[in-house]
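> In this text, residue positions in the sequence shown follow our numbering: the first is 760, and each later residue adds one. Have a look at this one before I ask anything.
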Amino acid sequence: MHKRDQVLQQEKIEALLGPIDGHYFKGQYSDPEISIRLLSDLGKKRQNNEDSCMLYVPGSEALTDSRGILVAVADGMGGAKAGEYASHNALRCICPVYYERNPHALVPAALRQAVEAANAFVFRESEHNIDFSGMGTTVSALAIVGNWAYIAQVGDSRIYLLRSGMPLKQLTYDHTLVAEQIKNGLINEEEARNHSLKNLITRAVGIRDTVDVDLFALELQPHDTLLLCSDGLTNMVNDENLEKELAQEDLTAMSESLLEKALEAGGTDNITMILVRIGEVLKESNYQQGGHIISFHKKSALRRLFSFFS
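As structure tokens, this is what we get:
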């Protein structure tokens, strides 16, 4: 039996999804190829936690090879229990659809179908239950299949990458009014950080009967560190400090330090993160078409010099 199966069988766990008490959640997983840490906190100002986070590790080697390990963060909205319901159940929908609905679909297509299914469920619930009217959620999902990572993105939760010798890179695009204004040159990033409408999102799961899903693909390297997080973290901790924390060796210490910094900065929202550390040896896999390939390169000395004086 595959070592990963033994761990799951012993612990009787194939999936982690939380928080389940509306407040706090911790989880982790590790094997020779990957280490993962999940953490979600209520923060200082909210009465309940509307964020959710998920980890799914297949129970068979065949499914691991074809679909990989899936992690996701969701940040619900809608007030009272509606936001919590939206984020939690969106992630509950994504997992079975991704792994089971269309086994012959390529990974990006399967991710899209899974998020679309989550959108249909949340929208239907909001239409049929007045207590859930208008609810929705962000979704940032990451599937790791061999040496490739595939991303599905809706909303303003984020996925970052820290790679040895490279600056921190945000892999996803925020679906917010402020992000659109930055893109169009109307405001700069410093103005965006303090903008009164910085949390106004332009795209979410469940607010309409259809949803547009951004799809990305990234070829991984040994020791890559990935961060999935809600805006409760990124609104409190800037990219410079994120980069410093992600350079730590221990994921547990890293997650606790990031949480502490977010709380010290005010903790005005729920704070949720998933940290992923790629191991020394990656199993080779073929790229599966369907997502925009993310690539970036080290700056040459000349380009760095030019950037310094520009």
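Idealized CB from N, CA, C, for every residue including glycine. A quick note: this is a predicted structure, and the numbers were derived from the prediction, not measured.
If you draw a straight line from the C-alpha of R967 to the C-alpha of E1004, how long is it?
Looking up residue 967 in the sequence shown gives position 208. Looking up residue 1004 in the sequence shown gives position 245. Approximately 37 Å, taken between the alpha carbons.
> Could you check the C-alpha separation between C812 and I946 for me, to the nearest Å?
Looking up residue 812 in the sequence shown gives position 53. Looking up residue 946 in the sequence shown gives position 187. Computed Cα separation, rounded: 32 Å.
> Provide the residue(s) that pair with T984 in DSSP beta bridges, ordered along the chain.
The residue given as residue 984 occupies position 225 in the sequence shown. BP columns for T984 point to L921 and R1036.
> Please determine, among K840, N888, L822 and M836, the residue with the shortest C-alpha to C-alpha distance to Y857.
On the sequence shown, residue 857 is found 98 positions in, with the first residue counted as 1. Of K840, N888, L822 and M836, the residue nearest in Cα terms is L822.
> How do the region 1029-1039 and the region 967-978 stand: do at least 3 beta-carbon pairs fall below 8 Å, yes or no?
Touching, no, given that fewer than three Cβ pairs across the two stretches are closer than 8 Å.
> Taking the continuous beta strand (DSSP E) assigned at F784, which residues delimit it?
If you number the sequence shown from 1, residue 784 lands on position 25. From DSSP, the beta strand (DSSP E) with F784 extends over F784 to D790.
> Would you say L959 lies against chain D (beta-carbon separation less than 8 Å)?
Absent from the structure: chain D. Only one protein chain is present.
> Work out the CA separation of T896 and V937 for me, nearest whole Å.
Translated into the one-based positions of the sequence shown, residue 937 becomes position 178. Translated into the one-based positions of the sequence shown, residue 896 becomes position 137. When rounded, the distance between both Cα atoms is 18 Å.
> D973 bridges to which residues according to DSSP?
Along the sequence shown, one-based indexing puts residue 973 at 214. Answer is Q912.
> Take every Cβ of the region 881-890, pair it with every Cβ of the region 841-848, and state whether three or more of those distances are shorter than 8 Å.
The region 881-890 vs the region 841-848: in contact.
> Alpha carbon to alpha carbon, how far is Q769 from G818?
The sequence position of residue 769 within the sequence shown is 10, counting from 1. The sequence position of residue 818 within the sequence shown is 59, counting from 1. Bear in mind that a pLDDT of 32 at Q769, under 50, signals an unreliable position, so the number given afterwards is only what the model happens to contain. Distance between the alpha carbons of Q769 and G818 is about 12 Å.
> Using CA atoms only, rank isn't needed, just tell me which of G905, S899 and L985 is closest to G914.
For the purposes of this step, residue 914 is taken as residue 155 along the sequence shown, with counting starting at 1. Among G905, S899 and L985, the Cα nearest to that of G914 is on S899.
> Using DSSP with H/G/I as helix, E/B as strand and the rest coil, what is M894?
Taking the sequence shown and counting its residues from 1, one reaches residue 894 at position 135. Looking at M894 - three-state DSSP - the assignment turns out to be coil, as it is neither helix nor strand.
> Leaving out five residues before and five after E1043 in sequence, what residues of the same chain have Cβ atoms less than 8 Å from its Cβ?
Position 284 of the sequence shown, counting from 1, holds the residue named residue 1043. Answer for E1043: G905 and N906, listed in chain order.
> Can you name, in chain order, every residue of its own chain whose Cβ lies under 6 Å from the Cβ of H863, other than the five neighbours on each side?
Counting from 1 along the sequence shown, the entry for residue 863 is found at position 104. No residues qualify anywhere along the chain.
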